[in-house]
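Just below is one structure, and these are the notes that go with it.
Number of protein chains: 2
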Amino acid sequence: MPEPNEDYTPPPLSERMQRGDLMAAACPSRKVLKHVTSRWGVLVLIALEGGTLRFSELRRTIGGVSERMLAQTLQWLEADGMVNRTAHDVVPPHVDYSLTPLGQEAAEKVRLLADWIEFNLPRIAESWADRQSAAVD
Amino acid sequence: MPEPNEDYTPPPLSERMQRGDLMAAACPSRKVLKHVTSRWGVLVLIALEGGTLRFSELRRTIGGVSERMLAQTLQWLEADGMVNRTAHDVVPPHVDYSLTPLGQEAAEKVRLLADWIEFNLPRIAESWADRQSAAVD
DNA sequence: CTTCACACTTACATTTATGTACGTACTTAC
DNA sequence: GTAAGTACGTACATAAATGTAAGTGTGAAG
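Going line by line, the protein sequences match chains A and B.
Numbering-wise (UniProt numbering), the first sequence opens with residue 1 and increments by one.
Numbering-wise (UniProt numbering), the second sequence opens with residue 1 and increments by one.
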């Protein structure tokens, strides 16, 4: 375990902004991070890693997502260049969603985190059990 | 690019719940994911990867965080067993925060994602530039 | 004597996220 | 003829996240 840092001062803002720095409040990275780590963004990326899915297939795959939020999330990810949207002009509508190369890289990182959490849930749950009152949230 | 999956059906819920499955709406993993990927949770984990920091040091490190949200986030992560809180009983107060082994593993995954985003911001920004109207969010 | 830092907590206001319900235009299945 | 499925958009309502401002008790610095 590292020693406490007695006299800590953050690096100057100018330096921290040169290459996107999340610690800087105004960094555009935070927007992307928001989309990718959003409640449904994570699950969409992971779901699409398994291959192309239609809107309704995504909706059935991801438990609890509403149509509205799924559409919203897909639009975020499409705008960020993570997701391809392919609409076939037929009726009833048929729209396919898939990951772009960018999206596949992002999905991989996100899935590593998700897998880690699922796998280590027991260890985490110990902490919940240990603390008595515990109702933090 | 994978082929469209014409007749997709998700696996049964019972099977998906046996080991924590994020796709299941009620899975406790989602709570952990929420804390870890929350706006400030990500940044706290990354900040603490560099070593122990005091409350006020964290506040100065993480641009834009309010005292209230920092305290809140630290409590979430502490309850999830990711963060150690060490209060020295002196006045004025002195409290150190550091990562637990669990927290270090989580922080690593989170940082990989954050680093990827920062590094690939230019590629992502292209998508923003490409689409004309673009004001998705 | 006044001000400030510390590490929070609480109350309150506001912004953001998310949900619900409905509409659409047409087709296939019953 | 009636119901259901498709991929959304939109209006409205609610829940959740986040911000703001103030207060706490004490000691050191000015």
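Glycine included, every Cβ here is placed at the ideal spot set by N, Cα and C.
Check: Helix, strand or coil: which one does DSSP assign to B:V95?
Finding: strand
Notebook entry, point to check: With 16 as the cutoff for other CB atoms within 10 Å, does A:S29 come out buried or exposed?
Noted result: buried
Item checked: Within chain B, the residues that A:E126 reaches when beta carbons sit closer than 8 Å -> G81
Next item on the list: Could you confirm whether any beta carbon from chain A is found closer than 8 Å to the beta carbon of B:P4?
Entry: Legend: pLDDT at B:P4 = 44, less than 50; position of this residue unreliable, value from coordinates given subsequently. With 8 Å as the cut-off, B:P4 counts as an interface residue toward chain A.
Next item on the list: Report yes if the CB atom of B:D80 is closer than 8 Å to the CB atom of B:H35, and no otherwise.
Entry: yes
Next item on the list: Report yes if the CB atom of A:V91 is closer than 8 Å to the CB atom of A:L45, and no otherwise.
Entry: no
Item checked: Selection of the region 21 to 33 of chain B by Cβ proximity to chain A, strictly under 9 Å -> D21, L22, M23, A24, A25, A26, C27, P28, S29, R30, K31, V32, L33
Item checked: Complete runs of the beta strand (DSSP E) confined to the region 71 to 120 of chain B [at least 3 residues] -> 83 to 88, 94 to 99
Next item on the list: Put B:R54 into one of helix, strand or coil per three-state DSSP.
Entry: strand
Next item on the list: Between the Cα of A:E108 and those of B:A129, B:H94, B:L113, spot the shortest distance and give me the residue it belongs to.
Entry: B:L113
Checklist line | Inter-residue spacing [alpha-carbon to alpha-carbon] between B:A47 and A:L48 | finding: 31 Å
Notebook entry, point to check: Buried or exposed: which applies to B:A129, given that a residue is buried once 16 or more other Cβ atoms fall within 10 Å of its Cβ?
Noted result: exposed
Note to self: Measuring straight from C-alpha to C-alpha, what distance separates A:M69 and A:N84?
What the structure shows: 17 Å
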